[in-house]
Amino acid sequence: MPPPNQSPSQQLPSRENGLFKKLVRFYEQKQYKKGLTAAREILKKFPNHGETLAMKGLILNSMGKKEEALESIRNGIKNNMSSHVVWHVYGLYQRSDRKYDEAIKAYKKALQCEKVGEVR
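Next up, the structure:
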């Protein structure tokens, strides 16, 4: 089940939610091509799913496609500004770009979003 702080329009059905969990696992295991495939499969049905867009961007960043990565991450934020996941991903992107002040701001925003989700 998706985190409670997701807006109803951002919640994925169980099949896609399972695929999203695999996407995260693929990223953690550095299986970037498999991760991109999983992200594309989710985005076919849910093209505006913010967390998937952000994770796709994180994978693209790891593959050295910085500009495409940033665009995907920004689209993820735009589509789900209240998700701690999208802000955390943005922080990781900024940290990889050595923009530490921006990374800290993004991590703080992620913490704020996570706390709001716990209150609900």
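Each residue of the sequence shown is one higher than the one before, starting from 317 at the first, in our numbering. Quick reminder that beta carbons are idealized off the backbone N, C-alpha and C, glycines included. Bear in mind that the values here come from a model prediction, so they are computed numbers and not experimental data.
Asked	Found
Whole alpha helix (DSSP H) elements within the segment 369 to 410, 4-residue minimum	382 to 395
Range covered by the alpha helix (DSSP H) that runs through ASN333	330 to 344
Length of the line joining the Cα atoms of LYS425 and GLU357	28 angstroms
Helix, strand or coil at GLN326 according to DSSP, with G and I counted as helix	helix
Rounded straight-line distance, which links the Cα of ARG390 to that of GLY351	19 angstroms
Simplified DSSP assignment, three categories, for ARG414	coil
Candidates LYS394, PRO363, GLY407, SER399: closest to LYS431 by CA position	SER399
Other residues of its chain near LYS372: CB distance less than 6 angstroms, five sequence neighbours each side excluded	ALA355, SER388
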